[in-house]
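Novice: So for the sequence shown, our numbering puts the first residue at 8; every next one is plus one. For glycine and all other residues, C-beta sits at the position ideal for the given N, C-alpha and C. Fair warning: this is a prediction, and the values are worked out from it, not measured in the lab.
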Amino acid sequence: MVSIEEYGEFETAWCPGCGNFSIIKCLKQALAEQDLAPHDIIISSGIGQAAKLPHYMRCNMFNGLHGRSLPVAQGIKMANPKMHVLVSSGDGCSYGEGGNHFLAAVRRNMDLTVLVHDNQIYGLTKGQASPTSARGHVTKAQPEGNRSDGFNPVATTVAMRASFVARAFSGEPEHLVATIKEAMAHKGFSLVDILQPCVSFNKVNTYAWYKERTYILEDHDPTDWASAMTLSEEFGDRIPLGVIYREDKPVFGHGGRLAEHGYDKNDLKAVLQSYT
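What follows is the structure in structure tokens.
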């Protein structure tokens, strides 16, 4: 059995109290409980404090440009379909600079697990409003308040009938571990939007703020799209945690034409033919 210690302990650049500490611990725990060793996975990330996560784990990793973690992850999955491929980045990287890649990845539905550290602020660059910051959120860069509506990634992906959509909270570690495992077990594009306090630059969406509002879903049928849409739009006094929507649908490049063509990762011609 794989132990969490196999993923290592490293000095980080995160602020004391950052929600990223809980996320990385929960990810290691979820991987260990699935008996996945460091060489069994690869994590693709972009730029930002959240994107530094694979720097602080013993694992295969690719750290690329801001917003470009998903194209790299999809290329990795095409080259090695048996590899467990995860994406770990922040709300700015995933929903801002990488927004078009995000929408395309939802449509394509490759077998990826996408963990978005959603702290509703740009933490690495010292506190500007991010895509998920609420209208009116005051920052040093927006002293009169954010003038744009916050992007709701859960509502957007449910509306697109994404294969798997969940929300978690770094302050609920047991639930976060279970949610990551469920997302990885699902075949297809799996999003886990993880609410994560930024203790240095976001003084609104704090641990206490989330604790007062979040609740874990119990009697929700995630295959009910209409119900999932209603839940996905809850982000105020009540914020649901758990699997919001799930749909079994064709997975790009998984088990079908690749298998029929006798896929060989060393045979580029066979790979290209399987996708034509």
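1) Is the region 175 to 183 close to the region 246 to 253, with three or more CB pairs under 8 Å?
2) Would a C-beta distance cut-off of 8 Å place Y102 and T139 closer than the cut-off?
3) Does S234 come out as helix, strand or coil in the three-state DSSP assignment?
4) Between the Cα of G195 and the Cα atoms of D255, S10, D125, which residue gives the shortest distance?
5) Enumerate, from N- to C-terminal direction, the unbroken alpha helix (DSSP H) stretches of 4 or more residues contained entirely within the region 96 to 153.
6) Quick one: what does DSSP say D47 is sitting in, helix, strand or coil?
7) Does the Cβ-Cβ distance between V172 and I251 come in under 8 Å?
8) From the DSSP output, which residues share a beta bridge with H91?
9) Which residue's Cα is closest to the Cα of V92: H108, M68, R114?
10) Measuring from the CB of V94, is there a heavy atom of the ligand GDP at a distance below 7 Å?
11) Please state whether the Cβ-Cβ distance between M167 and V113 is less than 8 Å.
12) Determine the closest residue to S10 out of G105, C100, A39, L72, with distance taken between C-alpha atoms.
Specialist: Let's see:
1) yes
2) yes
3) helix
4) D255
5) 106 to 115
6) helix
7) yes
8) I48
9) M68
10) As for the ligand GDP, it is missing from this structure, which has no ligand bound.
11) yes
12) A39
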